[in-house]
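Take a look at the structure below.
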Amino acid sequence: MPAGKRKASDHPNRTTSARPGTAKKARGRVPRSPLEILRRRAALADAVLETSSLGVVVVDEAGRIVRANARLAQMFDYRPEEFDGLSLEILLPERFRDGHVRLPRGFFAAPHARPMGRGLELAARRKDGTEFHVEISLS
Numbered sequence: 579m580p581a582g583k584r585k586a587s588d589h590p591n592r593t594t595s596a597r598p599g600t601a602k603k604a605r606g607r608v609p610r611s612p613l614e615i616l617r618r619r620a621a622l623a624d625a626v627l628e629t630s631s632l633g634v635v636v637v638d639e640a641g642r643i644v645r646a647n648a649r650l651a652q653m654f655d656y657r658p659e660e661f662d663g664l665s666l667e668i669l670l671p672e673r674f675r676d677g678h679v680r681l682p683r684g685f686f687a688a689p690h691a692r693p694m695g696r697g698l699e700l701a702a703r704r705k706d707g708t709e710f711h712v713e714i715s716l717s
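Numbering (the working numbering), first residue to last: 579 to 717.
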């Protein structure tokens, strides 16, 4: 076999089998439990959120914040854990809050990725009440 080439059975993610029906993971890897797979995926999602250069907030169907990354906390002058359970409207200027309350329910009824407020100047509100321009995408 030429140098640098691997046999299919040498690949770490391939299975090997001496005979049909006896497949096992190459290099002695043990199959993971569904719970372990779920935990690893959650850890990966957390890593992606925390290393993002964008502020990211995750809300539930009631519009309550269930997750906010460090970048969002920095933008709004909060600590990340301060967002837990708060209404998303806390991030909006007072004049927009009442009209926004029903919108998350509408998004969850027919979710799809899209920019928000196309053609509008959108504003957000920091913890100290100051406002700043934002661009928002929903997904």
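C-beta: ideal position from N, C-alpha, C; glycine also.
Query raised in the report: Just checking, does the region 645-654 make contact with the region 621-635 on the three C-beta pairs under 8 Å criterion?
Result: yes
Query - Buried versus exposed call for residue 710 [16 or more other C-beta atoms within 10 Å across all chains shown] - result: By the 10 Å Cβ count, residue 710 comes out exposed.
Query raised in the report: Just curious, the alpha helix (DSSP H) that residue 619 is in, first and last residue?
Result: 612-629 is the span of the alpha helix (DSSP H), which, as asked, contains residue 619.
Query raised in the report: What's the call for residue 643, buried or exposed, on a 16-neighbour Cβ count within 10 Å?
Result: buried
Query - Coil, strand or helix - residue 709 by DSSP - result: strand
**Report entry** Beta-bridge pairing of residue 715 - partner residues as DSSP gives them
**Finding:** 693
Requested in this report: Take the Cβ of residue 716 as the centre, count every other Cβ of all protein chains shown within 10 Å, and call the residue buried at 16 or more, exposed below.
Outcome: exposed
Query raised in the report: Roughly how far, in whole angstroms, is the beta-carbon of residue 641 from the beta-carbon of residue 665, given that I think they are within contact range, below 8 Å?
Result: 6 Å
Report task. Over the uninterrupted beta strand (DSSP E) stretch that includes residue 702, give me the two end residues. Result -> 700-703
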